[in-house]
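Notes follow once the structure below has been shown.
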Amino acid sequence: MSGVTVSAKVNGDAVQYVCPPSESLMDVLRNRLNLTGVKEGCGTGDCGACSVTLDDRLVCSCLVLGAEAEGRAIGTVEGLSQDGELHPLQTAFIDHAALQCGICTPGFLVAAKSLLGRNPNPSEEEIRYALAGNLCRCTGYDKIVRAVQSAAKVMRKQKRS
Amino acid sequence: MPYETDYTNQKFSVIGNRVNRPDGVDKVTGRAKYGADASAAGQLVGKILRSPHAHALIKKIDTSKAEKLPGVKAIVTGDDFPDFTGGNRSLMDTLENCMARGRALYDGHAVAAVAAVDAQTANQALKLIKVTYKKLPHVTDVDEAMKPNAPIVHDWIRTAGVDPAPTTASNISQRNEFGHGDVETGFAQADIIIEKTFKTEQTHQGYIEPHACLATLGPDGVGELWVTTQGHFTFRNMCASLLGLDVAKLKVTSSEIGGGFGGKTHVWMEPVALQLARKSNRPVKLVMTREEVFKATGPTSSTSVDVKIGAKKNGRITAASAELRYQSGAFPGMWGMLGAMTSFACYDLKHVKSVGYDVLCNRPKVAAYRAPSAPMAAFGVESVIDLLAAELKMDPVEFRIKNAAKKGTQASYGPVYGPIGIGPTLEAVKNHPHMKKRLGKNQGRGVACGFWFNFGGQTCTDLNIGIDGSVNLTVGTVDVGGSRASLALIAAEELGVDYDQVRVTIGDTSSLGHNDTTEGSRGTFSSGMATIFAARNAVDVMKQRAADTWGIPVDQVVWEEGVARAKGRQNSNLPPLSLKEIAAKSPRTGGPIAGHNEVVADGAGVSFASHICDVEVDPETGSTRVIRYTVVQDAGKAIHPDYVEGQFQGGAAQGIGWALNEEYIYGDDGTLQNAGFLDYRIPVCSDLPFIDTEILEIPNPNHPYGVRGVGETSIVPPLAAIGNAVSNAVGVRMTHVPMSPPRILKAIEDAQ
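In the order they appear, the protein sequences are chains A and B. Under the working numbering, think of the first position of the first sequence as 55, with each following residue one higher. Under the working numbering, think of the first position of the second sequence as 125, with each following residue one higher.
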């Protein structure tokens, strides 16, 4: 099968890759671009572990074709920390012990960042519904919700100053 | 030199602090490498062909077309796994579960495997393998499987534990009985007796990371396996035994593990990956799909349980008995036995008897799931306890307190308890503000207790002190939920150094002696114990170095807060030597400073919890919402309270999913109908409230810090706590888990 040549931006950097037309963006990111922070939990869009942003829209990368990313900007967990500083969400997840095994963490961070971009001051309920597409089997979500609340507060403060 | 394991009530300086976990940055940046995240030059992709039938003879497997497909490098079937088991039936069961040998025993049973240059080619090759099946009668329900005319899963099984020994085949692999006293005498003394039957459906551990490994195995019999596992040493031994390899020639490295909960304690496809690697002489990466995880890896038992408890009007239980029928999948298990052992462990009973049956069905081989077998037994027992309390017009918490086991009680499964936490957790529940919250319309509250044994086992740990005084701790238990942080705290406590000075690594199988699988809530208990002793070993070395430096006998040297001090007035001119100073001088004082320990960590402390749950049931739809949940559990000692709370909350959440939603649904044809996260729905963030926790610390007398282990008990009470809450909300006793909307509606309708 002949491949499709794709030019896209990943975490701000220009990339080019060739993939079969049927290959998912998740497989491209993991296997061709070595961005293994993108996790596969189901391959059917049910768990959110492979969450990335595509032109600022939150998607399950297992449900997007690699070929569809032509000319678009992709954001993964690897792009969250900037200039050697952790993103406030990353810091909050560590401070609040919001991860146990950590396999769902990249997806949660990308989804939470997308939420806080749209809604800087979400209620507990809004957080819970915004993150309902991301499965975590370890934590019962308690400390994840608290971490997102705490990061949101930090980010609002940063924005004001 | 052996070190003392007794609890000493020492004063802690860093233990109990909520420090940041050492692997936190790795895990929030995507840097941490899990099972599917490793690659090797020239690696092939492995894929497995699975049976579409619940039970079938495999008459022929024709791989000729697949072999001719360009890019296919190896194909294996049952014929490629010669029998190295030496007649060990349990090993043969494991091998047969990894790859069928003439018979497919469940929907999803592996029948062949392919290694090819890429995933597309491998998938194409699977389609070209032609398997000729002859379908056989199947059985998937535990009660059906026990009937005399049921289809027999294995004709060689004779029920063990029955006298006289049976001569004909049965699906009941074993019967186990526990208890003491005479239940008939006890029931005769009762004023009220309640007897009821309960059912629970099969659930999956549901770890988000599918099984994955990267295998190499050369013609010289030397191999490496990178794998997501709870026990890389056990995986090594198992793979070596099944493939006829020398244990020392197979190096197994545990990747970061994306959840296990007991499901990653067994090999499933790792021997297949190694055999594909051997046949192709190329590295093979094998990653399961979610469907494969559901169909072919460790779910827990579905069960059918009868409970009978009698009590006097004064609220004392006079006798308790249970019969527990646990489905073990297509291979024998010990799940009914564990159910029978745990069923009445919370109570002080004069007359008690529990009988467990392990029952074969055409379902995947059952694996441990967090306190395996205990939640289903607790569902029945704690439901009947509530019914009795209601009959006696007693508060259900008071009734439990009155009958709770305590120090000196003989447990229903045999031993006499030391100091235990069931009474204190119940007292804490009684006094918890949650119990005073008023309930609204359609709401109900339930309370339930739970027990788990906990486990210690073989453990081996190394501690090496660097030239700058920083510390490498290498352990052989895997970090499933933050244990690196606990173990670093323990090393820092013992050595008297900053927590940040300690780096914890999970050693591969060639870097440490054998470590048992990380199961039974043993990670912090047993590796914690070995870390204490390894650190004390290193302190002994440093004291000797200080003594040599000062030219005094070592018995004049003490270790305090990270420094060696010379004792006595005659040594008052000798300034203390810090760990850092001793480490810096080590090249000239005898070489590197290391501490080591190997131990069989006996004396794991039994663990108890009591949970409170409030639910609201919509009487129109039968849909249930958990509106408040509180976990009270005895941790012995909480080394890192955040991660102890995390275990409490995670176990409760899994229990909530099990109680309300999760179940394996089989069709009449014996195939699994819901092998995916869409149709097998685990709790999501919007399903749950915050889960309150209260940590009690009743020290385990058999651990220097009093640690008990906290990972499992939290999943034991939820089925019953929610069952009691739903029953109180709708006014009908619920006896079948999960209490899904259709089941609740039916129960309400039947009652009307």
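The beta-carbon is built from N, C-alpha and C at its ideal position, and this holds for glycine as well. Bear in mind the structure is a predicted one, so any value in this text is a computation, not a measurement.
- With its beta carbon at least 8 Å from every one in chain A, serine 747(B) lies outside the interface.
- Taking 8 Å as the cut-off, the beta carbon of isoleucine 181(A) is found closer than this to the beta carbon of leucine 169(A).
- When DSSP assignments are scanned along the segment 203-252 of chain B, the uninterrupted stretches of beta strand (DSSP E) that are 3 or more residues long and fall wholly within it turn out to be 234-240.
- By the CB criterion at 8 Å, cysteine 584(B) and leucine 550(B) fall outside the cutoff.
- For glutamate 94(A), the nearest CB of chain B lies under 8 Å from its own CB, placing it at the interface with that chain.
- The beta strand (DSSP E) runs lying completely inside the segment 706-750 of chain B and spanning 3 residues or more are 717-725 and 731-741, given in chain order.
- Ranked by Cα distance from aspartate 792(B), the options Ala178(B), Asn848(B), Gly202(B) and Thr389(B) are led by Ala178(B).
- At a cut-off of 8 Å between C-beta atoms, glycine 148(B) counts as an interface residue with respect to chain A.
- Around the beta carbon of valine 72(A), fewer than 16 other beta carbons lie within 10 angstroms, which makes this residue exposed.
- Between histidine 556(B) and isoleucine 736(B), the C-beta spacing is below 8 Å.
- The DSSP assignment places complete beta strand (DSSP E) segments of no fewer than 3 residues inside the segment 291-376 of chain B at 296-304, 316-324, 336-341 and 347-351, in order along the chain.
- Burial is judged here by how many other beta carbons sit within 10 angstroms of a residue's own beta carbon; isoleucine 198(A) has at least 16 and is buried.
- Contact annotation: threonine 859(B) and lysine 323(B) have beta-carbon atoms nearer than 8 Å.
- Beyond the five residues adjoining it in sequence on each side, arginine 126(A) comes within less than 7 Å, by CB distance, of Ala62, Leu108 and Asp109 in the same chain, given in chain order.
- Methionine 393(B) and methionine 362(B) have their alpha carbons spaced roughly 12 Å apart.
- Shown here for aspartate 519(B): same chain residues with a beta carbon closer than 8 Å to its own, the five before and five after excluded, namely Ala513 in chain order.
- The Cβ neighbour count for phenylalanine 136(B), taken over all protein chains shown within 10 Å, is under 16; the residue is labelled exposed.
- Residues of chain A whose Cβ lies closer than 8 Å to the Cβ of leucine 802(B) are, in chain order, Thr98 and Asp100.
- For the segment 137-169 of chain B, the beta-carbon criterion of a distance under 9 Å to any beta-carbon of chain A is satisfied by Arg142, Asn144, Arg145, Asp147, Gly148, Val149, Asp150, Lys151, Val152, Thr153, Gly154, Arg155, Ala156, Lys157, Tyr158, Ala160, Asp161, Ala162 and Ser163.
- In this structure, alanine 690(B) lies away from valine 678(B), with their beta-carbon atoms at least 8 Å apart.
- Per DSSP, reduced to three states, the secondary structure at lysine 561(B) is coil, with no helix or strand assignment.
- Contact annotation: asparagine 212(B) and glycine 568(B) have beta-carbon atoms that are not nearer than 8 Å.
- As far as DSSP is concerned, valine 82(A) takes part in no beta bridge.
- In the three-state reduction of the DSSP assignment, isoleucine 185(B) falls in the strand class.
- Residue pairing by DSSP leaves serine 610(B) without any beta bridge partner.
- Annotation: cysteine 485(B) to asparagine 221(B) spans about 14 Å, alpha carbon to alpha carbon.
- Taking 8 Å as the cut-off, the Cβ atoms of cysteine 116(A) and glycine 129(A) do not count as close.
- Interface criterion met: the Cβ of valine 131(A) is under 8 Å from a Cβ in chain B.
- Alanine 528(B) and aspartate 207(B) have their C-alpha atoms roughly 50 Å apart.
- Taking CB atoms only, cysteine 737(B) has no neighbour in chain A less than 8 Å away.
- When rounded, the separation of the alpha-carbon atoms in threonine 421(B) and glycine 232(B) is 9 Å.
- With at least 16 other beta carbons inside 10 angstroms of its own, glycine 547(B) counts as buried.
- In the displayed model, arginine 191(A) falls within coil according to three-state DSSP, outside both helix and strand.
- Any Cβ of chain B closer than 8 Å to the Cβ of valine 199(A) would place that residue at the interface, and such an atom is present.
- For arginine 182(A), the nearest CB of chain B lies under 8 Å from its own CB, placing it at the interface with that chain.
- Taking the Cα of threonine 745(B) as reference, the smallest distance to any Cα among Ile182(B), Thr283(B) and Pro866(B) is reached at Pro866(B).
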